[in-house]
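Visitor: Residue numbers (our numbering): -14 to 313.
The beta carbon of each residue, even a glycine, is placed where N, CA and C say it ideally should be.
All of these numbers come straight from a predicted model, not from anything done at the bench.
The structure that follows is given in the form of structure tokens.
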């Protein structure tokens, strides 16, 4: 009789957000928008924003320690640290290495992963492969972003959307049927211009002095259509490959990008709204942090229980997207 398969089990979660709240009404007044304009188009009522001396690394450390505590483990038990972020403090050293130092962890692999808003799901795919292969037994996966600083103050497209946050999970390889069932990851570089930040790399150093090149650019309507289409397809493919149906989903946690995207995805999947978790109204789009932030909130709020089927999906610049099925 063969041994049960080795799967990464989700054993702990944590999250952290800044203290400062910025309401959509404040942004509407600053941008000269009518009252309710942002909420009607995005579903966002407020978001959290870092203010000096708070730093994204502080949020990541808080989220990581909360996840470790929930898991009943310590930093010394970790075999790998993966951080999904598009807003690391430095080009190098990596955000993961800085977090490793904060946690006081010894010489284990620590690296960043860049897949924009899809970063956490991409990171889950990498962690899944590492833990199944036996190269690690316990992994800390963090999604952390502060994209508000990368948006022009007068940008009516990107300006109202983003908030700052960090979320983390601890995964441990265990034999059995519970854990990560499958992760599907996809990308289409031909759609890179749907969402981009032109400056910040060595491709054209002449871009750096131009302030507009340091700010995000988004083709909103095109990105909306691509997001709904690809998230719907990858979620259906994921369920099919797992031998599951929409009716088996206990809770869907989608990337908290836009209320209209979440509503369209929910409708096309035929999933009741009560089985879709959304906290977008309170935090905005927190990029790579959005899925783990929502996951932690759902877990601590009593929405998740042993045996539940959790489906995660996300889409981000690249274009990158993916979905994961997890049996708790």
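Please classify residue -12: is it buried, with 16 or more other beta-carbons within 10 angstroms of its beta-carbon, or exposed?
Guide: Within the chain shown, residue -12 is the residue found at index 3, counting from 1. Of the residues assessed, residue -12 falls on the exposed side of the cut-off, its CB having fewer than 16 other CB atoms within 10 angstroms.
Visitor: First and last residue of the beta strand (DSSP E) that includes residue 6?
Guide: Here residue 6 corresponds to residue number 21 of the chain shown, with the count starting at 1. Counting along the chain, residue 6 sits inside the beta strand (DSSP E) bounded by residues 5 to 8.
Visitor: Would you mind working out which of 163, 173 and 236 sits nearest residue 215, comparing C-alpha positions?
Guide: Locating residue 215 in the chain shown gives position 230, counting from the first residue. Checking every option, the nearest Cα to that of residue 215 belongs to 173.
Visitor: Should residue 80 and residue 86 be called a contact, given that it needs their Cβ atoms to be closer than 8 Å?
Guide: Position 95 of the chain shown holds residue 80. Position 101 of the chain shown holds residue 86. Result no, Cβ atoms of residue 80 and residue 86 do not sit closer than 8 Å.
Visitor: When DSSP labels each residue in this structure, what does residue 234 get in the three-state scheme?
Guide: For the purposes of this step, residue 234 is taken as the residue at position 249 of the chain shown. Looking at residue 234 - three-state DSSP - the assignment turns out to be coil, as it is neither helix nor strand.
Visitor: Beta-carbon separation of residue 132 and residue 272 under 8 Å?
Guide: Locating residue 132 in the chain shown gives position 147, counting from the first residue. Locating residue 272 in the chain shown gives position 287, counting from the first residue. One thing to note: residue 132 has its Cβ within 8 Å of the Cβ of residue 272.
Visitor: Could you pull out every residue in the same chain whose Cβ sits closer than 8 Å to the Cβ of residue 258, ignoring the five residues on either side in sequence?
Guide: In the chain shown, residue 258 corresponds to position 273, counting from 1. Cβ within range, chain order: 251.
Visitor: Per DSSP, what kind of secondary structure is residue 277 in: helix, strand or coil?
Guide: For the purposes of this step, residue 277 is taken as residue 292 along the chain shown, with counting starting at 1. In the structure shown, residue 277 sits in a helix (DSSP, three-state: H, G or I).
Visitor: Residues in the same chain with beta-carbon distance under 8 Å from residue 8, minus the five sequence neighbours each way, listed in chain order, please.
Guide: In the chain shown, the residue the question calls residue 8 occupies position 23. Closer than 8 Å at Cβ, skipping near neighbours: 30 and 31.
Visitor: In whole angstroms, what separates the C-alpha of residue 89 from that of residue 24?
Guide: Here residue 89 is taken as the residue at index 104 of the chain shown, counted from 1. Here residue 24 is taken as the residue at index 39 of the chain shown, counted from 1. Going by the C-alpha atoms only, they are around 42 Å apart.
Visitor: List the DSSP bridge partners of residue 306.
Guide: Counted from its first residue, the chain shown places residue 306 at position 321. In the DSSP output, where bridge partners are listed per residue, residue 306 has 171 and 300.
Visitor: How far does the beta strand (DSSP E) with residue 96 in it extend, from its first residue to its last?
Guide: By 1-based counting over the chain shown, the position of residue 96 is 111. Element bounds for residue 96: 95 to 98.
Visitor: Does DSSP classify residue 209 as helix, strand or coil?
Guide: For the purposes of this step, residue 209 is taken as residue 224 along the chain shown, with counting starting at 1. Helix.
Visitor: Grab the span of the beta strand (DSSP E) containing residue 72 for me, first residue to last.
Guide: Position 87 of the chain shown holds residue 72. No beta strand (DSSP E) contains residue 72, which DSSP labels as neither H nor E.
Visitor: Using a 10 Å radius around the Cβ and a threshold of 16 neighbouring Cβ atoms, would you call residue 59 buried or exposed?
Guide: For this step, residue 59 is matched to residue 74 along the chain shown. Residue 59 is exposed by the Cβ-count criterion.
Visitor: I need the straight-line Cα distance from residue 150 to residue 35, nearest angstrom please.
Guide: In the chain shown, the residue the question calls residue 150 occupies position 165. In the chain shown, the residue the question calls residue 35 occupies position 50. Near 9 Å, if we compare the C-alpha coordinates of residue 35 and residue 150.
Visitor: Taking the CB atoms as reference points, tell me whether residue -3 and residue 65 lie closer together than 8 Å.
Guide: For the purposes of this step, residue -3 is identified with residue 12 of the chain shown, where counting begins at 1. For the purposes of this step, residue 65 is identified with residue 80 of the chain shown, where counting begins at 1. No, Cβ-Cβ distance for residue -3 and residue 65 is not below 8 Å.
Visitor: Report buried or exposed for residue 339, applying the criterion of at least 16 other Cβ atoms within 10 angstroms of its Cβ.
Guide: Because the chain in this structure spans residues -14 to 313, residue 339 falls outside the shown range and cannot be described.
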